[in-house]
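Written out below as structure tokens is the structure these notes cover.
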Ligand code: DQA
């Protein structure tokens, strides 16, 4: 089983950026958590982070025929990007949305998620553990749908 884990803009600033909202753990810790979870579960993983919308669209397209599942935190592009929504729909790879913070309790402009419309599940407000839970959920979902 192959998973692609995508992080959008400013997620590389974890640990520095607004620690009261996003926590004190840095981006390296997030990457290590994802790698450790996948290795324990026998999953091949590729991690990708970009601050650029088009680069994220390109990466989603490149997953077609290659990846079995996608975990995505589109960060601020969650609330603006129809292009990322369309890319997820185009490749039709099962995707799970993750947000470190509890977006539901934040500003009005964060209340819409375009990418989430193409995702089978969303985890939010669980800190970095949301990524671990998303990976476990996707593994179970893919197993149930015949991907070993
Ligand atoms: C975020 C929530 C977004 O609203 C925000 O723009 C981010 C991070 C989260 O993980 O909580 O950059 O996706």
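Numbering (this note's numbering), first residue to last: 11 to 158.
Built from N, CA and C at the ideal position, the CB exists for glycine as well.
Per DSSP, reduced to three states, the secondary structure at residue 35 is coil, with no helix or strand assignment. Taking the Cα of residue 38 as reference, the smallest distance to any Cα among 26, 31, 30 and 49 is reached at 26. In this structure, DSSP gives residue 117 a state outside helix and strand, which the three-state scheme calls coil. Residue 83 sits in a strand when the DSSP states are folded into three classes. Boundaries of the alpha helix (DSSP H) harbouring residue 144: 139–154, taken from the DSSP string. Per DSSP, reduced to three states, the secondary structure at residue 132 is strand. Every beta strand (DSSP E) of 3 residues or more that sits fully in the region 57–101 is shown, in chain order, as 79–83. Exclusion of residue 30 from the 7 angstroms shell around the ligand DQA follows from its C-beta lying no nearer than that to any non-hydrogen atom of the ligand. Relative to the ligand DQA, even the nearest heavy atom lies 7 angstroms or more away from the CB of residue 49. The alpha carbon of residue 109 has as its nearest neighbour, out of 143, 53 and 96, the alpha carbon of 143.
DSSP lists 133 as the beta-bridge partner residues of residue 108.
In this structure residue 104 touches residue 152 by the C-beta definition: roughly 7 angstroms separates them, less than 8 angstroms. Distance from the CA atom of residue 43 to the CA atom of residue 87, rounded to whole angstroms, is 23 angstroms.
A direct Cα-to-Cα measurement between residue 107 and residue 123 gives close to 9 angstroms.
Around residue 84, the same chain offers 18, 94 and 125 as residues with beta carbons nearer than 6 angstroms, after the five sequence neighbours per side are excluded.
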